[in-house]
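Trainee: Per numbering that gives the first Met the number 0: the sequence shown = residues 0 to 319.
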Amino acid sequence: MSEMILLGVLVVASVGLIIYSLWPTKKADSEHMRRRMAGRRLEQAEALLAAAPKRERSTAKEMIEKVAPIAMRPVMPASEEEMTKLRGKLSQAGYRSEAAVRYFLASKTIVGIGVLLVTLLVAMGMGLQTKQMLGLAAFAGGIGFMLPNLWLSLAQSSRQEKVRNGLPDVLDLMVVTVESGLGLDAAIMKVGEDMHNVHPELAEEMMIAVAEGQMGVPRMEALEKMAKRCGVDEVRALVSTVAQAEKFGTSIAKALRTQADSLRVKRRLKAEERAQKTTVKLMAPLILFIFPSIFVVLAGPAAMKLIAAFSKGGISGAPQ
0 MSEMILLGVL VVASVGLIIY SLWPTKKADS EHMRRRMAGR RLEQAEALLA
50 AAPKRERSTA KEMIEKVAPI AMRPVMPASE EEMTKLRGKL SQAGYRSEAA
100 VRYFLASKTI VGIGVLLVTL LVAMGMGLQT KQMLGLAAFA GGIGFMLPNL
150 WLSLAQSSRQ EKVRNGLPDV LDLMVVTVES GLGLDAAIMK VGEDMHNVHP
200 ELAEEMMIAV AEGQMGVPRM EALEKMAKRC GVDEVRALVS TVAQAEKFGT
250 SIAKALRTQA DSLRVKRRLK AEERAQKTTV KLMAPLILFI FPSIFVVLAG
300 PAAMKLIAAF SKGGISGAPQ
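#1: Please name the residue, chosen from ALA92, PHE247, VAL241, GLY248, that lies closest to GLN258 on a Cα-to-Cα basis.
#2: Tell me which same chain residues have a C-beta within less than 8 Å of the C-beta of ILE187, skipping the five on either side of it?
#3: Given 8 Å as the limit, is there contact between the segment 112-122 and the segment 250-267, that is, 3 or more CB pairs closer than that?
#4: Which complete alpha helix (DSSP H) runs does the segment 127-189 hold, if anything under 4 residues is left out?
#5: Between VAL190 and VAL169, how many whole angstroms is the CB-CB distance? I'm expecting something under 8 Å.
#6: Any beta-carbon of chain D closer than 8 Å to the one on ALA210?
#7: Start and end of the alpha helix (DSSP H) containing ARG72?
#8: Can you tell which of ARG86, ILE251, ASP184 has its C-alpha closest to the C-alpha of ARG228?
#9: Exposed or buried, LYS84, counting other C-beta atoms within 10 Å across all chains shown (16 or more means buried)?
#10: So is LYS269 buried or exposed if we call it buried at 16+ other beta carbons inside 10 Å?
#11: Tell me the rounded alpha-carbon separation between ALA274 and LYS265.
#12: Give a yes or no on whether the C-beta atoms belonging to LEU222 and VAL238 are separated by under 8 Å.
#13: Might you give, ordered along the chain, the residues of its own chain that have their beta carbon closer than 6 Å to the beta carbon of ALA99, omitting 5 neighbours on each side?
#14: Just to confirm my understanding: we take VAL234, look at its own chain, exclude 5 residues before and 5 after, and list those with CB closer than 6 Å. What are they?
#15: Whole-angstrom Cβ separation of PHE144 and GLY111, contact assumed at under 8 Å?
#16: Note down, in chain order, each residue of its chain lying with its Cβ closer than 8 Å to the Cβ of GLY316, except the 5 sequence neighbours on either side.
#17: First and last residue of the alpha helix (DSSP H) that includes PHE247?
#18: Looking only at C-alpha atoms, which of GLY182, MET82, THR176 sits nearest to ASP193?
#19: DSSP state of ALA308, grouped into three classes?
#20: Does the beta-carbon of LEU104 have 16 or more other beta-carbons within 10 angstroms, so that it is buried, or is it exposed?
#21: Using three-state DSSP, classify ALA92 as helix, strand or coil.
#22: With H, G and I counted as helix, E and B as strand and the rest as coil, what does DSSP make of MET214?
#23: Use the C-beta contact count for ALA136: other C-beta atoms within 10 angstroms, 16 or more gives buried, fewer gives exposed.
#24: Could you have a look at LEU281 and say whether DSSP puts it in helix, strand or coil?
#25: Name the two residues that bound the continuous alpha helix (DSSP H) containing VAL197.
#26: Going by Cα to Cα distance, which pick from ASP184, VAL279, GLY230 is closest to GLY212?
#27: Round the Cβ separation of LEU201 and GLY165 to the nearest angstrom and send it over; I've been treating them as touching at under 8 Å.
#28: For PRO199, count neighbouring Cβ atoms within 10 angstroms of its own Cβ and tell me buried if that reaches 16, exposed if not.
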């Protein structure tokens, strides 16, 4: 009986949360949008709106947008520094919109509660005691709460690896374009357009840097922002090399070629390191799976003969 009462309370609380989250009116949404856009320059807002894809707003998306501000409240970062760090991680994972922070924080609450409720229902179906049921549900809810963090770390690492792998090819093409007579800004734009289908992550960051430069942001500041969004040491080294070349008046093409050669050597050394680690990684499956199979094939016939000999009394004539 107590389990049914607990389930009823959870269902009523969930329904109440959904109704409350859907209560805000369109006027409140428009006021929130105006506050968000108040601090932006008109040109920047128009550029962002023009670049954004035109998509029809579905009912599910509108519901998510209304639920997100409510669901994110329990997990809001305690300080602005933590919020800035979270925005940086999402940006390095490829999610730069303002809504990405809301959706990520809301997903922690929604996934945690969802996993908790599902585990609670499964535990009730298994007939566990109340304490065991609540403990298992709380543990599963904590795991569900941490799943978005794990997903963000994997997405961030995957995108950074793609940027790191595409950088040598991008630098080689930049060397060719700069040596052919194009300026650095034009070379970045040209490479970003040409590499869009090959290395879309790095090409996207380069096109954003070009767009910021066209809006009046200094070149080095735009490149530094690009390095910060990528979160890759090789990109930071590239930006530092370009800054030093401009500061001391050296050839940018020569600096880019040196950087490309250095990255190519690092990539080769990293591949050799991975190849050398393969031997160590193969030891576990070799011992667990291959050695037992070889032992069975080699020693199996002899073991069967010994068993047959003992079963027939093969040693009954031995001296006592």
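Ideal placement from N, C-alpha and C gives every residue a C-beta, glycine not left out. Just so it is clear, the structure is predicted and the values come from calculations on it, not from any experiment.
Mentor: On the basis of the coordinates in this document:
#1: VAL241
#2: MET173, MET205, ALA208, VAL209
#3: no
#4: 129-178
#5: 6 Å
#6: Although the question refers to chain D, the structure presented lacks it and comprises just one protein chain.
#7: Here ARG72 belongs to no alpha helix (DSSP H), and DSSP marks it neither H nor E.
#8: ARG86
#9: exposed
#10: exposed
#11: 14 Å
#12: yes
#13: LEU89
#14: ALA226
#15: 4 Å
#16: Note that GLY316 scores 49 on pLDDT, short of 50, meaning its location in the model is unreliable; the coordinates nonetheless yield the value given after this. If we look at GLY316 and ignore the five residues flanking it on each side, it has no Cβ neighbours.
#17: 232-247
#18: THR176
#19: helix
#20: buried
#21: coil
#22: coil
#23: buried
#24: coil
#25: Neither: VAL197 is in no alpha helix (DSSP H) and is coded neither H nor E.
#26: ASP184
#27: 5 Å
#28: exposed
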